[in-house]
Amino acid sequence: MEKYLITGATGYIGSMLAKKIISSRQKVTVIARNPSRLDKTILSGAEAIRADIADREAILRIAGKYDYIIHCAAPTKSVYMISNPVEVAAAIVKGTDHILNLARRSEAKSMVYLSSMEVYGQISSPPGKRTAENELGYLDVADTRSCYPIAKIMAENLCHAYHAEYGVPVKIARLAQVFGRGVRPDDKRVFAQFANAVRTGSDIVLHTAGNSMGNYCDLDEAIEAILFLLHNGADSEAYNVVNEKNTMRIREMAELVAKIIAGGSIKVSYDIPEDNRFGYAPDTELRLSGEKLKRLGWEAKCSLEDMYRKMLRDFNG
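Heads up, the sequence shown is in our numbering, so the first residue is 111 and it goes up one at a time.
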């Protein structure tokens, strides 16, 4: 039986990924700062190690051997990035360093690091042009919110370094915005706020002009892509995980939800503060390319409408 190690199993993607692997009857170990927050399926089906991945000594004490490692853990709340930038950067960079070292010590067969489309920064992908993995835009190092994407880039560089120096077989999954089934109704991210507006019959309120381009992928398909990369990806390579058909501006997604998902029963309004109190990333014209992963043999197909319907089914029980 193959042994999997997963970090970030109290988070959305990490928890759903852990449950998927548990359901396939593989041996799963998860690392969590607070195991009591783990889903009951994970608590009953996996070994839980209590540790903070940013604590070097705690990770060095993990002596098990693991065939496959998937590193999902990272702070994801924008408001926290604004209020605790030092902790955000440290958790991402130190945590990734420690898990890569664990993969090295464990002689893992393969590892996937979950990165983010935010590494592309402010970049222009005009209509008809898609941004590939070797193209990066501008990130303002003096912007506090940049702690997240810059730390993600540094973590990616550590993946390359560990492969170059130690031969760690790590792949990088640059995820688009992922949602679908399993999102909690109290989730504060924009897509969940839109779904909650449908559920409660409330208007969608945008706190920006909604000009930023969004790129999306269904949760189940993102999990498929991560596992596909674990077994088929090239070492030290980054891959965009996205459904190209689900690319649109935030305001366009808001209108889609109001008109199609809510059937026109709600509308979109705007309440834009003068400061960035909500911690939103700067506007981007990013249109992600999924071509590299498609050439490898995997492609996303689930529509944005179906992603919202999956999410609302879970919201409504």
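All residues carry an ideal CB built from backbone N, CA and C; glycine is no exception.
Same chain only: Cβ atoms within 6 Å of residue i, ignoring 5 sequence neighbours per side
i	result
residue 160	145
residue 266	225, 282
residue 207	268
residue 346	270, 273
residue 220	178, 279, 340
residue 408	335, 338
residue 157	139
residue 149	125
Segment limits, beta strand (DSSP E) that includes residue i
i	result
residue 316	314-316
residue 328	323-328
residue 263	Here residue 263 belongs to no beta strand (DSSP E); instead the alpha helix (DSSP H) covers 257-276.
residue 117	113-117
residue 223	220-226
residue 230	Note, residue 230: premise wrong, no beta strand (DSSP E); not H, not E.
residue 140	137-142
Distance between residue j and residue i (C-alpha atoms, nearest Å)
i	j	result
residue 413	residue 184	27 Å
residue 138	residue 351	24 Å
residue 421	residue 244	33 Å
residue 236	residue 323	11 Å
residue 338	residue 359	29 Å
residue 165	residue 198	14 Å
residue 238	residue 356	14 Å
residue 303	residue 132	30 Å
residue 363	residue 326	10 Å
residue 162	residue 201	9 Å
residue 114	residue 369	43 Å
residue 423	residue 292	9 Å
Close-in-space but distant-in-sequence residues of the same chain around residue i (CB under 7 Å, 5 per side omitted)
i	result
residue 332	123, 285, 288, 351
residue 393	321, 322
residue 294	none
residue 342	406, 407
residue 116	124, 127, 128, 138, 140, 180, 182
First through last residue of the alpha helix (DSSP H) which encompasses residue i
i	result
residue 151	150-155
Residues near residue i in its chain [Cβ-Cβ closer than 8 Å; skip 5 each side]
i	result
residue 233	241, 245, 246, 247, 248, 394, 395, 396
residue 217	175
Task: Segments assigned beta strand (DSSP E), at least 3 residues, entirely inside the region 375-420 - done: Qualifying beta strand (DSSP E) stretches, in chain order: 378-380.
- [ ] Spell out a yes or no on whether the region 350-368 and the region 283-291 are touching, meaning 3 or more CB-CB pairs, one atom from each, closer than 8 Å.
- [x] The count of Cβ pairs closer than 8 Å, one atom from the region 350-368 and one from the region 283-291, reaches three, so the stretches are in contact.
- [ ] Check whether the region 256-265 touches the region 200-214, taking contact to mean three or more Cβ pairs, one atom from each stretch, closer than 8 Å.
- [x] yes
Task: Given 8 Å, three or more beta-carbon pairs between the region 373-383 and the region 314-322 - done: yes
Open item on the list: Ignoring anything shorter than 4 residues, give me the alpha helix (DSSP H) runs that lie fully in the region 278-317, in order along the chain.
Closed with: 300-310
Open item on the list: Measuring CB atoms only, is the region 397-404 touching the region 297-313, in the sense that at least three cross pairs come out at less than 8 Å?
Closed with: no
- [ ] Only counting runs of 3 or more residues, tell me where the beta strand (DSSP E) segments fall wholly within the region 161-244, in order along the chain.
- [x] 178-181, 220-226
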